[in-house]
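Data block below; observations after.
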Amino acid sequence: RRKLSFLDRAQLAQNPVAKRLFEIMASKQTTLCLAADLTDATEILNLAEKVGPYICALKTHIDIVDDFSINLIDPLKEIANRHNFILFEDRKFADIGNTVQLQYSKGLYKISSWASLVTAHSVFGKGVLDAIQGAPGSEEKGVFLLAEASATGSLITDAYTKSTLKLTAEYPKLIAGVVCQNPLFLDNPALIQLTPGVKIAQTSDHLGQQYNSPESVVTEKGADIAVVGRGITEATDPVAAAKRYQTLLWDAYLSRINP
Ligand code: UP6
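Following this line, the structure appears as structure tokens:
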């Protein structure tokens, strides 16, 4: 996985969204996923419009939006289509399958109707993945399973991480990749490693988040896609910051595949 180009890996991907993501990454030359953790709907749209050219995916926590209404979704989809990036809801599903299926497709957010990608915990086992797979709605969907966390004192053990990777292997068509902090599956180029906790010149926040630099997550930690939130949203110039992360990450990817 370390040495193969994203275009080569697009041919190997078994999940359709992972394939599309690899193609977007290659054509836009970006491995940056923006964590648009803003609580105002208009601010999310404005940010998506401005940084759209520099990202491959926009990750939301849709339940933090104070003024959420389903009317946010169409403009967000339109921006995503126009700038060619993927909508990704970081719901971190963790419950029995029936509940997950309802959370995925019903309620205020109707996640399955707009998010091509979602995250899930593996702690409840297969039911979560069966539920997402079996839910009506979007034809193209992909799941990122959480195998490690960026938080200090996370209770995830090595055994849990290993079992999560095993579960991944049982759903090759559904799983787009894995959320983790280390190069856990270098033997599987079909899957995408998504790594959050990325920031230039800061190593933590005051609530347990741990950061690595864009260069080190790609060259040392094995990240394919890096998730950046406050490094962009709290920058004085978010567009300049997004461009900077895009360049640093892309250069690190190039030096990884072609040292
Ligand atoms: N995230 C992590 N760590 C994980 C999994 N997910 O930080 O292990 C998510 C957070 C947030 C984003 O929920 O949306 O990635 C990181 O934001 P930040 O760059 O502002 O810290």
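Note that the UniProt record's numbering has the sequence shown beginning at 215, numbered continuously upward. In this text, a Cβ means the ideal position worked out from N, Cα and C, and glycines have one as well. Computed from a prediction, not measured in an experiment: that's the story for all the values here.
Exclusion of Val332 from the 7 Å shell around ligand 1 follows from its C-beta lying no nearer than that to any non-hydrogen atom of the ligand.
Counting along the chain, the unbroken beta strand (DSSP E) around Arg305 starts and ends at 300 to 307. Inside the region 272 to 302, DSSP marks whole alpha helix (DSSP H) runs of 4 or more residues at positions 287 to 297, from first to last along the chain. Beta-bridge pairing by DSSP links Thr333 to Phe358. Assigned with DSSP and collapsed to three states, Thr433 falls in helix. Nearest in C-alpha terms to Ser326, of all of Ala308, Phe302, His335, is Phe302. Between Val412 and Gly311, the alpha-carbon positions lie close to 32 Å from each other. Bounds of the beta strand (DSSP E) holding Gly391 are 389 to 393. Cβ neighbours of Val337 within its own chain (closer than 7 Å, five residues either side excluded): Ala308. No heavy atom of ligand 1 is found nearer than 7 Å to the CB of Gln416.
In the DSSP annotation of this structure, Ala440 is not part of any alpha helix (DSSP H); the continuous beta strand (DSSP E) holding it starts and ends at 439 to 442.
Thr409 sits in a strand when the DSSP states are folded into three classes.
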